[in-house]
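Here is the structure we will look at, set down as structure tokens.
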Amino acid sequence: MTKDEEDVLNGRCGEVAARAMKLLVTLGDIEEASRLVPINKSQVAGVSYKTAGDATLELVESLASSGAYAKTKAMQNPAGMDLERWSDMCVPEAFAAKQKRICQAYETIGIRSTCTCTPYLCGNKPDYGEIIGFSESSAVAYSNSVLGARSNRQGGLDALAAALVGKVPLTGYLLDENRLGDVEVKVECELPSEADYGALGYFVGKNVSMDEVPVYPKMNVTKDKLKLMGAASAASGAVALYHVKDITPEATRLHELFKNGKPSETLIFDERCRRGVYDELSSSKKCDLVAIGCPHCSINEIREIAASLSGKKVNAKTRLWVFTSPTVYEEAERSGYVKAIRGRGGDVFRHTCMVVAPLEEMGVTSVATNSAKAAFYVPRMTKNSCTVFLGSLRDCVSLATS
Ligand code: F3S
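Quick note: the sequence shown uses this note's numbering, first residue 539, plus one each step.
What follows is the structure, given as structure tokens:
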């Protein structure tokens, strides 16, 4: 530790900073980090009242009354509701009151209630090679893999501590040697829809070990599809970094992609595997909510949703909701996409998603989605009271409009 870090640990900047520093130093010791390194960007999970509960509410309110303040540009992960239009989502008042307190307390300590899992689309985009402290798993996977930034998959508490201190231990995916590939993935089937990239990511996440880095073949893929793919592999497994040959930035710059010069294993994803993911994750074709936006939609995705609803009308029994960040929402509103989606009977919400909103209390019993990550989590987060259909955006729109 530097002299300055020791002083913080010994209380020079107050008790909260000392406790935050102690947590980071302890984690660094466990992982044998050589030192702490500075960060300028953070994303803090543990925001939705549904997952965070009263314990987090008390912790963050006590931090807010202590005068603690983030040293980084810090953003909150999604909350359990749209912070302004929660009643349009049928979120109960008691839940909303506690959710607002959590978000307000984070704001008071300098962690903005942007409430998104796509901070990189929302004014907190890291540069190539930049060390950051993100904690939501899809944001970590996207930042590491698609942007070439460097983040470990931080827990809610250590991401909070890192935001307050402005440092993280130099360990894990921050180090060159841990960023090379382990497992080679071969794709031996067509991937006709965006949901198929999520299915591929889901399969790979399930079949690689913790800390292994998969390397995908060159694919005709957009950043939005990589967003779905990375989110799914971080959900079914713990993939925090992957490479796509000739596409993702480190894959195009590294001379050698694999540790020891060759893959430790080869995984084959074929048509049987692709269908297997849909069979595993879909439990019913019923849907009272079509939910798109896990991870939060980009502007291109919202444009596609608006276009896919053109000439159609969402039927009276179904809700079609799109989830995005406040920044992308504003752009979608300016571009007329929000109006177009609402005009067809759908809606667009910010700050939240189908996984961290209290679906049971909102009267939702069946969800259709194009996100393998959401399909994986919705039943788990609703104690299996909610069924799921996983399909392409086209399939989901046709369920909502038929
Ligand atoms: Fe984001 Fe919610 Fe999915 S936080 S990645 S939209 S589960």
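Even for Gly, the Cβ is constructed at its ideal location relative to N, Cα and C.
Y915 has its CB nearer than 8 Å to a heavy atom of the ligand F3S. Considered as a whole, the stretch 565-640 harbours 587-604 as its complete alpha helix (DSSP H) runs of no fewer than 4 residues, in chain order. Remark: the C-beta of A845 is outside contact range of the ligand F3S, defined as less than 8 Å to any heavy atom. Taking a C-beta distance under 9 Å as the contact criterion, S651 and H889 qualify as a contact pair.
Look at I669 here: in three-state DSSP terms it is strand. Relative to the ligand F3S, the beta carbon of F861 is positioned inside 8 Å of a heavy atom. Secondary structure remark: continuous alpha helix (DSSP H) runs of at least 4 residues inside the stretch 846-888, in chain order: 864-872, 875-881.
For T790, the number of other beta carbons within 10 angstroms of its own is below 16, and it is reported as exposed. Here L858 is not near R841, since their CB atoms are 9 Å or more apart.
Straight across, the Cα-Cα distance linking S848 with A870 is about 16 Å. The beta carbon of M892 sits closer than 8 Å to at least one heavy atom of the ligand F3S. With fewer than 16 other beta carbons inside 10 angstroms of its own, D784 counts as exposed.
Leaving aside the five residues that flank E750 on each side, the residues in its chain whose CB is nearer than 7 Å to its CB run, in chain order, D720, V721. In this structure, G693 has its CB at a distance of at least 8 Å from all heavy atoms of the ligand F3S. With contacts defined by Cβ atoms closer than 9 Å, A571 and G693 do not form a contacting pair. Spanning the alpha carbons of A700 and L659 requires a straight line of approximately 21 Å. Distance from the CA of A556 to the CA of V886, rounded to the nearest whole angstrom, comes to 42 Å. Comparing C-alpha distances from S689 to each of Q581, A912, T856, T760 shows the shortest one belongs to Q581.
One thing to note: I830 has its Cβ no nearer than 9 Å to the Cβ of L738.
When secondary structure is reduced to three states using DSSP, P752 falls in the strand class. The distance from the Cβ of I649 to that of A606 is about 10 Å, inconsistent with a contact at the 8 Å cut-off. Cβ neighbours of L928 within its own chain (closer than 7 Å, five residues either side excluded): A733, Y816, L819, S820, T907, A910, A913.
A check of alpha carbon separations from P657 across K824, V894, Y680 identifies Y680 as the nearest. The beta strand (DSSP E) runs of length 3 or more contained entirely in the stretch 690-732 are, from start to end of the chain, 705-707, 721-725. Under the DSSP assignment, G768 falls in the alpha helix (DSSP H) whose first and last residues are 761-774. In this structure, DSSP gives G743 a helical state, which the three-state scheme calls helix. Around the beta carbon of N853, a 10 Å sphere encloses fewer than 16 other beta carbons of the protein chains shown; the residue is thus reported as exposed.
When only Cα atoms are considered, V902 and G814 end up about 26 Å apart. Of the candidates L695, E715, G667, the residue whose Cα lies closest to the Cα of N682 is G667.
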